[in-house]
Amino acid sequence: MQRSGALSGVVGRAKRWLAQRVRRVRPSQGVSRQSTGRHHDKPLVVLVTSRFPYGSAEQFIVAELPHWTGRGIDMVVLPEKNDAPNVQPRDLPAGVTLDTRLLRKWGSQKGRALSVLDALTSGVFWREIRDLASLGRLNRSRFVFALRSCAQITMVRRTLAELSREHGGIDLVYTYWLAVSTVGAALAKKQGAVRRVASRAHNADIYEDRHPLRHHPAVRQIVDEVDLLAPIAADGAEFCVDRYGFDENRVVVSRLGVDIPSREEWCRPSPDGVFTVFSVSTMTPFKRLDLLIDSLADLSQRCGSTTLRWVHAGEGRLHDELAARVSEKLQPRGIEVEWLGQLGHDELFTWYRTHQADVLVNTSSSEGIPVSMMEAMVRGVPVIGTDVGGVREILPPDWLMPSDPSASEVAEFIAARMDDAKSDRTRQEVARLVAEKYDADHNFDVFVDRMVTVAQA
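Sequential numbering from 31 applies to the sequence shown in this note's numbering.
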């Protein structure tokens with residue numbers, strides 16, 4: 031790709047400025063470069079995460095890691111960031127070690143400056159700009175986003191090369207998200223520092239429309255270097271093949287799952303004369319809680335003398351806007367509303383065990399495989415959801431709404447299922463469906479077996 035004279039001048043000045051900044055910055059402290067003495071008879075797997083074991087996100091990694099123990103594997107967890115530096119990391123199983131150099135580099139001025147300079151001189155950045163232009167998506171915001179993403183990519187690539195030298199090679203890099211870390215691992219593989227690359231893929235890391243800039247950085251460049259792509263839903267797998275060009279023979283659906291509780295842990299239906307709608311989500315535009323609120327206002331006109339309740343778990347930036355909508359549309363109609371705030375897993379499960387809910391309703395415009403649905407259904411709560419992403423892979427057809435329903439359509443859909451939602455037969459059936467397909471222990475065992483095979487190949 032030829033660059034214009036003006037753009038070349040900008041790049042040249044940026045390189046000179048960054049080189050000066052790098053010389054002024056002191057070397058970063060606290061990053062050990064000593065070898066950990068890898069046992070060469072064991073394959074080495076490097077798991078690249080967004081933040082785990084820091085913070086409270088990526089909970090599924092907590093459940094998955096014990097399934098890696100006893101497999102004859104050495105594992106290193108390599109987080110990209112740490113937004114809670116004063117909080118201790120979560121405990122890791124025996125045989126799994128933590129390496130913090132990547133997050134230290136991204137947290138340092140020198141590390142970021144070096145990576146931006148590296149990105150400006152890399153082919154991956156200019157190929158990304160070319161691809162954006164060919165797709166008709168190139169603008170200033172995406173140019174800056176591409177540069178930042180490629181800086182992260184080069185940092186991941188360099189860090190993996192360091193680890194490879196120290197450990198005598200890396201057999202498998204496993205990225206938890208199909209993101210810049212996957213691209214960095216693929217480039218490290220091209221350079222011979224890594225033998226195999228595998229990645230999970232969830233929702234926002236698959237569907238470009240979930241990103242504010244509607245673009246997935248650089249993933250199209252590395253489809254041939256990914257040995258195994260493991261989307262958590264069949265819809266995501268199909269999207270990765272069709273949109274990005276991944277080889278369908280290397281794409282395998284690997285569902286997550288939930289723990290299967292005893293019947294004593296199930297949620298009870300509301301008593302006669304009361305109908306409780308439950309929802310679990312962040313308060314973000316994609317979750318369309320405004321649509322749910324409008325639907326409940328309509329539903330109240332269809333319920334006769336039945337008392338309608340709405341209980342929501344989750345927080346987000348739309349809280350104040352949604353609160354105003356509740357005051358305007360639900361409170362005047364006598365609908366009882368309870369917001370639980372952000373609940374941890376244990377708190378949510380305790381709520382299910384000690385409270386009543388008749389149906390969980392999800393009105394999202396985009397989803398992967400919503401775990402909140404699994405967690406409700408396996409506790410006997412039927413779920414109504416929109417036909418987006420992998421939702422149809424969880425719900426029975428009769429409980430699946432169109433992808434973009436109106437408020438009146440949602441209200442009518444709920445009203446038609448109010449009796450069934452309370453029936454013991456329905457509640458047992460939805461619990462059985464989840465237990466058969468989304469048993470976490472079984473699914474994690476199958477996934478780790480497959481990953482170990484890739485690492486040992």
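Backbone N, C-alpha and C fix where the C-beta goes; we use that ideal spot for every residue, glycine too.
Give every residue of the same chain whose Cβ lies closer than 6 Å to the Cβ of residue i, excluding the five residues on either side of it in the sequence, and list them in chain order.
i: Phe474; result: Glu94 and His97
i: Val106; result: Val76, Thr127 and Asp129
i: Leu208; result: Ser229, Ala231 and Asp235
i: His246; result: Glu238
i: Phe90; result: Leu286
i: Gly125; result: Thr99
i: His69; result: For His69, the pLDDT reaches just 46, beneath the cut-off of 50, and the residue's location in the model is therefore unreliable, leaving the point undetermined.
i: Tyr206; result: Thr79 and Arg230
i: Ile252; result: Val213 and Ala216
i: Arg240; result: Ala234 and Ser396
i: His342; result: Ser309 and Trp369
i: Trp429; result: Ile414
Let me know the secondary structure DSSP gives residue i once reduced to three states.
i: Asp471; result: helix
i: Tyr382; result: helix
i: Asp257; result: coil
i: Asn279; result: helix
i: Met448; result: helix
i: Thr312; result: coil
i: Ser80; result: coil
i: Trp340; result: strand
i: Arg51; result: Confidence at Arg51 is low in this model, with a pLDDT of 42, below 50, so the placement of that residue should be treated as unreliable; the coordinate-derived value is given next. In the structure shown, Arg51 sits in a helix (DSSP, three-state: H, G or I).
i: Val460; result: helix
i: Gly371; result: strand
i: Glu295; result: helix
i: Pro109; result: strand
i: Val129; result: Reading off the sequence shown, one finds Asp at residue 129, where the question assumed Val. Three-state DSSP puts Asp129 in coil, outside helix and strand.
i: Ala231; result: strand
i: Thr205; result: strand
i: Asp289; result: coil
i: Asp71; result: coil
i: Asp121; result: coil
i: Glu94; result: helix
i: Glu366; result: strand
i: Thr306; result: strand
i: Ile236; result: coil
i: Arg101; result: coil
i: Arg178; result: helix
i: Arg225; result: strand
i: Ile262; result: coil
i: Ile200; result: strand
Around the C-beta of residue i, are 16 or more other C-beta atoms found within 10 angstroms, so that it is buried, or is it exposed?
i: Gly214; result: buried
i: Arg63; result: Only weak support is given to the placement of Arg63: the predicted model assigns it a pLDDT of 30, under 50, and the question is left unresolved by the model.
i: Asn279; result: exposed
i: Pro261; result: buried
i: Pro109; result: buried
i: Asp277; result: exposed
i: Glu466; result: exposed
i: Arg188; result: buried
i: Thr380; result: exposed
i: Asp148; result: buried
i: Ala487; result: exposed
i: Asp121; result: exposed
i: Asp257; result: buried
i: Ala36; result: Residue placement at Ala36 cannot be trusted, given a pLDDT of 41 that sits under 50; the coordinates are not used to answer.
i: Thr384; result: exposed
Quick one: what's got a C-beta closer than 8 Å to residue i's C-beta in the same chain, skipping five residues either side?
i: Ile365; result: Leu326, Ala327, Ser330, Leu338, Arg339 and Trp340
i: Gln361; result: Val367
i: Thr336; result: Gly303, Val304, Phe305 and Met448
i: Arg53; result: Because the pLDDT of Arg53 is 40, which lies under 50, any placement of that residue in the model is unreliable, and the number read from its coordinates should be weighed accordingly. Cβ within range, chain order: n/a, list empty.
i: Asp479; result: none
i: Pro123; result: Leu95, Pro96, Trp98 and Thr99
i: Ser194; result: Ile200, Ala218, Ala223 and Val224
Might you give, ordered along the chain, the residues of its own chain that have their beta carbon closer than 7 Å to the beta carbon of residue i, omitting 5 neighbours on each side?
i: Asp469; result: Gly287 and Ile290
i: Gln372; result: Gly344 and Glu345
i: Thr483; result: none
i: Val391; result: Val307, Ser309, Leu322, Ile414 and Ile444
i: Ser152; result: Cys180 and Thr184
When you measure from the CB of residue i to every non-hydrogen atom of the ligand MN, does any distance come out below 6 Å?
i: Ala163; result: This structure simply doesn't include the ligand MN, nor any ligand for that matter.
Legend entry - Segment contact flag, the segment 293 to 307 with the segment 408 to 415, C-beta cutoff 8 Å, min 3 pairs: yes
Legend entry - Runs of alpha helix (DSSP H) lying entirely within the segment 143 to 169, each at least 4 residues, in chain order: 153 to 164
Inset, instruction - Count the CB pairs spanning the segment 466 to 485 and the segment 425 to 441 that are closer than 8 Å, and state whether there are at least three. - result: no
Legend entry - Sequence ranges, beta strand (DSSP E) only - wholly within the segment 382 to 448, length at least 3: 389 to 392 and 413 to 416
Inset, instruction - Decide yes or no for the touch test of the segment 440 to 449 against the segment 395 to 403: beta carbon pairs closer than 8 Å, at least 3 of them. - result: no
Inset, instruction - Determine, using beta-carbon pairs with one atom in the segment 160 to 172 and one in the segment 98 to 117, whether at least three such pairs fall under 8 Å. - result: no
Inset, instruction - Could you tell me whether the segment 340 to 353 touches the segment 269 to 286, where touching means 3 or more Cβ pairs closer than 8 Å? - result: no
Inset, instruction - Kindly confirm or deny that the segment 316 to 325 and the segment 386 to 399 touch, where touching means at least three C-beta pairs closer than 8 Å. - result: yes
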